[in-house]
Every structure is written in structure tokens, then in C-alpha cells.
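Asks: Right, I'll just put the structure down here and ask away after.
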Amino acid sequence: MKRLALPLLFALGLVCGCANTYVMKLTNGIQLTTSGKPKLKGANYHYKDAQGRDNVIPQSRVEEIEPASMASHENRFVPSPPAKHHWWKFW
23 MKRLALPLLF
33 ALGLVCGCAN
43 TYVMKLTNGI
53 QLTTSGKPKL
63 KGANYHYKDA
73 QGRDNVIPQS
83 RVEEIEPASM
93 ASHENRFVPS
103 PPAKHHWWKF
113 W
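Structure, rendered in C-alpha cells:
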């Protein structure tokens, strides 16, 4: 029983360590959630999305990469432009 406990504990730690999710913040404000840390190869980041598909994004579009536990969920309020008032509308 003791011989089995150590390998099981090691395997559990290995599986939990690989299941980290990361948040990539792009320059246009979009936040992408990835399963695993994106890897920089050349001028592109290679990552897997939530469905497990491989994706590539240029390094110039990525602003920040951080673990999902540290990512702040900011609600960015974008105000609508003010209504235009024309001189011929007196009412």
C-alpha cells in the first residue's frame, strides 16, 4: 500500500501542474483563455484554446500573459458618443 501511495501522489501532482489556464490580453482589449502556457516560437505564440485546438497569434498582438488565478476581470466601460445637436433643431 505504501509503495502505491508515492507514485499516485506524484502522478496527481503532475496532472494538476499541467492543468493551468492562462489569460492572454491582446492589444485590442480581447482576453483569450488558454489551456496551458503559450509558447513563443519565432514571432508567434502557439497555444491551445478551451476546446484543445492549436492556435497561433503574432507576438505583436499580445500585450500580457498571466495565469488565470492572477488575471483581473476588468469591466471596461466604453461610453457611447454624445448625441449631436444641430443648430436647426430648436426644440
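Using this note's numbering, the letters of the sequence shown map in sequence onto residues 23 to 113. Glycine included, C-beta positions come from ideal geometry on N, C-alpha and C. Since this is a predicted model, take the numbers as computed values, not measurements.
When the Cα of glutamate 86 is compared with those of Arg75, Lys61, Asp76 and Thr49, which residue comes out closest?
Replies: Closest by alpha carbon: Thr49.
Asks: First and last residue of the beta strand (DSSP E) that includes asparagine 66?
Replies: Counting along the chain, the beta strand (DSSP E) containing asparagine 66 begins and ends at 66-70.
Asks: Nearest-angstrom Cα distance between asparagine 77 and lysine 106?
Replies: Taking the straight line from one Cα to the other gives about 43 Å.
Asks: Between the C-alpha atoms of lysine 63 and methionine 46, what's the straight-line distance to the nearest angstrom?
Replies: Their Cα atoms are separated by approximately 16 Å.
Asks: Going by Cα to Cα distance, which pick from Ser91, Asn42, Gln73 and Ile79 is closest to isoleucine 52?
Replies: The shortest C-alpha separation from isoleucine 52 is found at Ile79.
Asks: Any idea what DSSP makes of serine 57, helix, strand or coil?
Replies: Note: serine 57 maps to strand in three-state DSSP.
Asks: With respect to the beta strand (DSSP E) encompassing threonine 49, which residues constitute its N-terminal and C-terminal limits?
Replies: Careful: threonine 49 lies outside any beta strand (DSSP E) and carries neither H nor E.
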